[in-house]
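The sequence shown: position 73 = 73 (this note's numbering), numbered continuously.
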Amino acid sequence: MNTFQMTAKTLFGLEEVLAEELKNIGAQDIELLRRAVSFRGDQEMMYKANYMLRTAVKVLKPIATFRVRNEIQLYKSIQDILWTDYLTIDHTFAVEATTNSEYFTHSKYAALKVKDAIVDQFRDIYGKRPDIDTRHPDLRINIHISDRQCTVSLDSSGTPLGKRGYRKRQTFAPLSEVLAAGMILLSKWDQKSNFLDPMCGSGTIPIEAALIAKNIPPGFMRDFGFEKWNDFDEALWDKVRKEADSQEKAFEGKIQGFDIERSAVNIAKGNARIAGVDDLIFFRNTDFMDATTEIEPGTIVMNPPYGERLKEEDEIIPFYQDIGSHLKHHYQGWDAWILSGNIRAIKFVGLKPSRRIHLFNGPMECKFHKFEMYRGSKKAVKNPDMTSPKDKS
Ligand SMILES: C[S@@+](CC[C@H](N)C(=O)[O-])C[C@H]1O[C@@H](n2cnc3c(N)ncnc32)[C@H](O)[C@@H]1O
1 MNTFQMTAKT
11 LFGLEEVLAE
21 ELKNIGAQDI
31 ELLRRAVSFR
41 GDQEMMYKAN
51 YMLRTAVKVL
61 KPIATFRVRN
71 EIQLYKSIQD
81 ILWTDYLTID
91 HTFAVEATTN
101 SEYFTHSKYA
111 ALKVKDAIVD
121 QFRDIYGKRP
131 DIDTRHPDLR
141 INIHISDRQC
151 TVSLDSSGTP
161 LGKRGYRKRQ
171 TFAPLSEVLA
181 AGMILLSKWD
191 QKSNFLDPMC
201 GSGTIPIEAA
211 LIAKNIPPGF
221 MRDFGFEKWN
231 DFDEALWDKV
241 RKEADSQEKA
251 FEGKIQGFDI
261 ERSAVNIAKG
271 NARIAGVDDL
281 IFFRNTDFMD
291 ATTEIEPGTI
301 VMNPPYGERL
311 KEEDEIIPFY
321 QDIGSHLKHH
331 YQGWDAWILS
341 GNIRAIKFVG
351 LKPSRRIHLF
361 NGPMECKFHK
371 FEMYRGSKKA
381 VKNPDMTSPK
391 DKS
């Protein structure tokens with residue numbers, strides 16, 4: 001078995017969930033990094049990782065590492081790689097660079113140098129060069145420079161893995177599919193009991209929940225970068241897909257999605273249909289503050305407005321207070337998880353969080369808090385911070 005080291009990139013706060021996913025698919029030598037997890041496996045594992053990981057953004061396969069201190073050294077080291085092993089003149093390519101180094105302060109400039117080195121190598125050999133395509137290249141090359149250490153990788157995913165392919169239409173401020181899946185996995189929902197997103201927008205959270213509940217691979221609708229590689233093994237890829245698809249399971253619970261906007265509910269329904277899970281999700285056009293649910297308690301994961309557009313600052317605090325009060329009075333027995341980028345407003349939910357997790361929604365720092373709505377005498381605990389908010393997380 002020819003194994004190699006790979007890096008799965010993820011979002012801040014999802015590293016442990018991703019490591020768990022990697023363990024579940026049999027990856028070896030799993031190591032947590034910042035916004036990434038490294039692991040070892042063979043080509044089959046690389047195909048599996050792309051097809052099955054819900055919380056990876058991309059899977060990188062390193063092909064060279066070297067030390068560099070300036071752009072001339074970078075250019076020369078890139079030219080030492082025989083690019084015809086990976087690329088032909090008929091292929092398009094793109095270079096993405098991330099730098100964390102005093103020697104390379106502009107990542108775009110480093111990417112440009114790498115591109116020049118590759119193009120010049122082709123010109124020297126063939127008198128012709130492959131074209132650049134930054135949007136849909138055949139090959140994505142990833143450069144990571146940390147201090148003086150440069151790692152050159154091929155991006156086996158191609159289009160980022162968050163782009164599952166079902167979200168054809170979206171409402172304002174949709175969550176990335178990777179973040180939605182990560183929130184559900186972080187919530188430790190048992191994947192059997194009921195699930196609700198009472199402010200579902202384009203439906204990302206309930207759709208990801210349905211895919212998780214049925215164990216449908218997140219990559220089932222899309223293609224991947226490695227399918228265009230020289231060493232692509234179609235029979236192996238077929239085997240990986242068939243094996244993963246055969247692990248689909250039944251789900252007996254109910255998944256619900258509410259939204260106050262009729263247009264959002266229509267968009268969410270359309271997206272769920274494309275994802276093939278519309279039979280599993282019950283969407284309702286309702287104001288959450290008026291909505292009770294007749295189903296047995298389960299898990300709520302929600303992403304209410306943060307106040308940047310939909311609500312003004314003087315409306316957002318009472319809005320979060322209403323969420324807390326409504327949960328407390330009508331959702332006893334449920335575990336409610338709320339993601340918010342409005343760190344002041346989330347304190348006004350007025351209940352004491354039993355877990356506080358730090359996440360990022362794009363560039364925006366967010367809190368992901370768990371509130372347990374006890375049934376009967378053990379009422380949801382009131383948040384002592386509510387009148388004088390002070391962030392303890
Ligand atoms: C930040 S967006 C959710 C985005 C969603 N997670 C997605 O991926 O598309 C918040 C949503 O809450 C909805 N909303 C706001 N107030 C609501 C209420 N009182 N009841 C139900 N939905 C509400 C908005 O219409 C909006 O679609």
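Even for Gly, the Cβ is constructed at its ideal location relative to N, Cα and C.
Identity of the residue in the options nearest residue i by Cα
| i | options | result |
| --- | --- | --- |
| H136 | T84, T159 and P130 | T159 |
| A181 | P218, E261 and R344 | P218 |
| K76 | K192, S101, M46 and V119 | V119 |
| N230 | T84, A264 and R169 | T84 |
| Q73 | Y47, V114 and I89 | V114 |
| N50 | V178, G127 and A210 | V178 |
| C200 | I216, S176, A213 and N215 | S176 |
| A210 | A110, G276, M221 and F232 | G276 |
| V68 | L87, E102, G362 and R35 | E102 |
| G203 | F283, D147 and V152 | F283 |
| R262 | G270, E96 and N285 | N285 |
| T99 | A111, D90 and T92 | A111 |
| K254 | I145, T88, L18 and S193 | S193 |
| I81 | F66, K367, I89 and T92 | F66 |
| L339 | D190, D197 and N266 | D197 |
| I316 | D124, V349, D90 and L32 | V349 |
| Y374 | M364, I125 and P297 | P297 |
| I216 | A250, T293, I143 and D314 | A250 |
| D287 | D278, G270 and G257 | G257 |
| E252 | R54, A213 and T292 | A213 |
| M46 | D238, S156, D131 and P206 | S156 |
| D147 | Q5, T105, D290 and R241 | T105 |
| F220 | I205, E248 and A235 | E248 |
| Y86 | D138, Q321, D233 and I207 | D138 |
Continuous beta strand (DSSP E) stretch holding residue i: start and end
| i | result |
| --- | --- |
| S340 | D335 to S340 |
| K228 | Looking at the DSSP string, K228 is not in any beta strand (DSSP E), and its letter there is neither H nor E. |
| E296 | Per DSSP, E296 belongs to no beta strand (DSSP E) and is neither H nor E. |
| N285 | I281 to N285 |
| E365 | M364 to E372 |
| M6 | F4 to K9 |
| E15 | Where E15 is concerned, there is no enclosing beta strand (DSSP E), although the alpha helix (DSSP H) it sits in stretches over E15 to N24. |
| E248 | It is not in any beta strand (DSSP E) - E248 carries neither H nor E in the DSSP assignment. |
| K61 | K58 to R67 |
| D29 | Q28 to L33 |
| G219 | Counting along the chain, G219 falls outside any beta strand (DSSP E), and DSSP gives it neither H nor E. |
| I255 | I255 to D259 |
| L359 | R355 to N361 |
Endpoints, the alpha helix (DSSP H) within which residue i is located
| i | result |
| --- | --- |
| R273 | R262 to A275 |
| I119 | For clarity, residue 119 is Val in the given sequence; the question names Ile instead. Unbroken alpha helix (DSSP H) run through V119: S107 to Y126. |
| L236 | E234 to D245 |
| N303 | Note, N303: premise wrong, no alpha helix (DSSP H); not H, not E. |
| A49 | Q43 to M52 |
C-beta atoms of residue i and residue j nearer than 8 Å
| i | j | result |
| --- | --- | --- |
| D259 | A272 | no |
| L60 | V37 | no |
| A94 | T134 | yes |
| D335 | E308 | no |
| G127 | L359 | no |
| K9 | K58 | yes |
| D42 | N2 | yes |
| I323 | P304 | yes |
| F368 | T299 | no |
| L32 | E16 | yes |
| E96 | R140 | yes |
| L18 | L53 | yes |
| H326 | M302 | no |
| A264 | T151 | no |
| I25 | S153 | no |
| D131 | T88 | no |
| I78 | K168 | no |
| R40 | A56 | no |
| E71 | L236 | no |
| R48 | V240 | Going by the sequence as given, residue 48 is Lys instead of Arg. Yes, Cβ-Cβ distance for K48 and V240 is below 8 Å. |
Heavy atom of ligand 2 within 7 Å of residue i beta-carbon
| i | result |
| --- | --- |
| D259 | Ligand 2 is absent from the structure shown, which contains only ligand 1. |
Minimum length 4: unbroken alpha helix (DSSP H) runs contained in the segment 147 to 217:
For the segment 147 to 217, the full-length alpha helix (DSSP H) segments reaching 4 residues or more read 177 to 186 and 204 to 213 along the chain.
Taking three-plus beta-carbon pairs below 8 Å as touching, is the segment 154 to 173 in contact with the segment 344 to 353?
In short, these stretches do not touch, since the Cβ pair count stays below three.
Pick out the complete alpha helix (DSSP H) segments inside the segment 70 to 110, 4 residues or longer, and give them in chain order.
If we require 4 residues or more, the alpha helix (DSSP H) runs fully inside the segment 70 to 110 come out as 71 to 79.
Would you be able to state if there are at least three C-beta pairs under 8 Å between the segment 180 to 199 and the segment 224 to 241?
With a cut-off of 8 Å, the segment 180 to 199 and the segment 224 to 241 do not count as touching, because too few Cβ pairs lie within range.
Tell me, please, whether the segment 353 to 365 touches the segment 321 to 332 by the rule of three or more beta-carbon pairs shorter than 8 Å.
As far as the Cβ criterion goes, the segment 353 to 365 does not touch the segment 321 to 332, which means the pair count is below three.
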